[in-house]
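Taken in order, the sequence shown gives residues 14 to 323; the numbers are from my numbering.
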Amino acid sequence: MKKVILDVDTGIDDAIAIILALGCNDINVLGITTVSGNIHVDRATLNTKRLLKFLNREDINVYKGLSKPIKRELVDASHIHGKSGLAGQLEDIEVDEYVDDDALKFIEEQILLNPNEITIIATGPQTNIARLLEMKPKLAKMIKSMMVMGGAISVKGNCTPVAEFNISTDPEAVFEVIHAGIEDYTLVSLDVTQKALLKKEDLTLIKNDSIRNFIDDLTKNYMDRYYKIHGRYACPMHDPLVILQFIDNDILTLEKQYVTVETNSEYSDGMTICDFDNHWDKKPNVKITTDIDEKLFKDKFFEIINQVKI
Ligand code: RIB
Ligand code: CA
Numbered sequence: 014m015k016k017v018i019l020d021v022d023t024g025i026d027d028a029i030a031i032i033l034a035l036g037c038n039d040i041n042v043l044g045i046t047t048v049s050g051n052i053h054v055d056r057a058t059l060n061t062k063r064l065l066k067f068l069n070r071e072d073i074n075v076y077k078g079l080s081k082p083i084k085r086e087l088v089d090a091s092h093i094h095g096k097s098g099l100a101g102q103l104e105d106i107e108v109d110e111y112v113d114d115d116a117l118k119f120i121e122e123q124i125l126l127n128p129n130e131i132t133i134i135a136t137g138p139q140t141n142i143a144r145l146l147e148m149k150p151k152l153a154k155m156i157k158s159m160m161v162m163g164g165a166i167s168v169k170g171n172c173t174p175v176a177e178f179n180i181s182t183d184p185e186a187v188f189e190v191i192h193a194g195i196e197d198y199t200l201v202s203l204d205v206t207q208k209a210l211l212k213k214e215d216l217t218l219i220k221n222d223s224i225r226n227f228i229d230d231l232t233k234n235y236m237d238r239y240y241k242i243h244g245r246y247a248c249p250m251h252d253p254l255v256i257l258q259f260i261d262n263d264i265l266t267l268e269k270q271y272v273t274v275e276t277n278s279e280y281s282d283g284m285t286i287c288d289f290d291n292h293w294d295k296k297p298n299v300k301i302t303t304d305i306d307e308k309l310f311k312d313k314f315f316e317i318i319n320q321v322k323i
């Protein structure tokens with residue numbers, strides 16, 4: 014079993030990523046930490062707890078993380094994910110009021126208990142990980158690997174003309190994490206996630222009625238938004254693709270490169286810059302994603318989601 018900590022800003026695609034992670038028999042989710050991004054961390058935490066109850070997986074603990082980026086004010090994505098962060102879904106699910114609000118302590122404890130065995134999968138801003146590594150820099154070398162949804166390497170941004178939302182929300186955090194010395198850091202960027210589409214007509218491939226209906230309701234507005242721009246009912250599975258790549262690393266084509274992040278520009282803050290031609294002669298620090306096997310993505314998506322029993 015591969016040991017994983019999910020660090021999420023549960024939102025629509027984070028929720029689907031969590032379902033996939035829990036549906037995979039090879040993944041041992043040690044816990045889920047939450048962070049402000051799509052929505053404020055209080056709401057991301059409530060959404061995550063409600064989702065786990067919906068999935069009958071309250072055995073998984075949720076730990077609330079930081080409420081704002083390390084240097085900036087939070088600019089959320091509630092215009093996309095809805096005021097609730099989950100497109101108004103699961104609102105009727107009652108969960109335990111108690112919230113363990115020490116995500117950083119949980120992550121540190123788990124890394125010390127499982128040195129070089131844990132993969133941190135971050136599908137929101139990297140605020141929690143940056144703060145933890147500021148305080149305990151030695152932990153960077155004890156993380157087996159980190160997989161992140163974020164960035165736009167050779168494509169335009171989705172938050173600004175050049176920046177992807179997770180990076181743009183807290184660019185200083187990403188700068189700190191990608192230069193902290195984590196040996197195996199994969200950045201699953203818009204270059205591939207925007208091709209990882211869940212198509213409305215494919216929802217019928219989800220066998221479990223409750224899960225199919227939940228994902229249909231959860232993605233309705235997301236797909237309507239996509240239809241207005243692209244003329245088809247679909248939505249990009251940004252976060253779920255990271256989980257599926259962790260499960261089957263043949264889905265994406267990776268390339269180790271030197272990557273950094275702009276944090277001090279009027280127009281390009283949050284831009285992920287890849288030195289393909291080695292202008293700066295720096296040691297490659299990030300595995301970037303250059304291509305996707307879209308059929309394998311789709312096959313794996315439905316294989317894993319149909320393993321979830323509720
Ligand atoms: O740009 C897409 C990313 O931003 C996804 O993680 C989505 O959940 C939002 O957080
Ligand atoms: Ca997310």
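Beta carbons: idealized from backbone N, C-alpha and C, even for Gly.
This one's a predicted model, so the numbers in the text were calculated from it and none came from an experiment.
query                                                                                                                                                                                               : result
Please identify the residue among 285, 283 and 264 whose C-alpha is closest to the C-alpha of residue 310.                                                                                          : 264
Please state whether DSSP places residue 41 in a helix, a strand or coil.                                                                                                                           : strand
State yes or no: is the C-beta of residue 99 within less than 8 Å of the C-beta of residue 25?                                                                                                      : yes
Starting from the N-terminal end, write out each residue whose C-beta falls within a distance shorter than 7 Å of any non-hydrogen atom of ligand 2.                                                : 21, 22, 24, 26, 27, 50, 51, 136, 137, 162, 179, 251 and 252
Can you give me the C-alpha to C-alpha distance between residue 229 and residue 236, rounded to a whole angstrom?                                                                                   : 9 Å
Quick one: what's got a C-beta closer than 6 Å to residue 187's C-beta in the same chain, skipping five residues either side?                                                                       : 139, 180 and 274
For residue 266, collect the residues of the same chain with a Cβ closer than 6 Å to its Cβ; drop the 5 residues on either side in sequence, then sort them by chain order.                         : 303 and 304
By alpha-carbon positions, which one of 109, 166, 159 and 94 ends up nearest to residue 194?                                                                                                        : 159
Could you check whether residue 315 and residue 132 sit closer than 8 Å to each other, using their CB atoms as the reference points?                                                                : no
Starting from the C-beta of residue 112, find all residues in its chain whose C-beta is less than 7 Å away, skip the five residues before and the five after it, and write them out in chain order. : 58 and 77
Which runs of the alpha helix (DSSP H) at least 4 residues long sit entirely within the stretch 78-155? Give them in chain order.                                                                   : 91-94, 116-126 and 140-148
Rounded to whole angstroms, what is the Cα-Cα separation between residue 144 and residue 178?                                                                                                       : 19 Å
Any beta carbon from chain D within less than 8 Å of residue 274's own beta carbon?                                                                                                                 : Checking the listed chains, one finds no chain D in this structure; it contains a single protein chain.
Closer than 7 Å to a non-hydrogen atom of ligand 1 - does that hold for the CB of residue 130?                                                                                                      : no
Can you check DSSP and say which residues form a bridge with residue 270?                                                                                                                           : 299
Across which residues does DSSP place residue 18 in a beta bridge pair?                                                                                                                             : 44 and 133
Closer than 7 Å to a non-hydrogen atom of ligand 1 - does that hold for the CB of residue 177?                                                                                                      : yes
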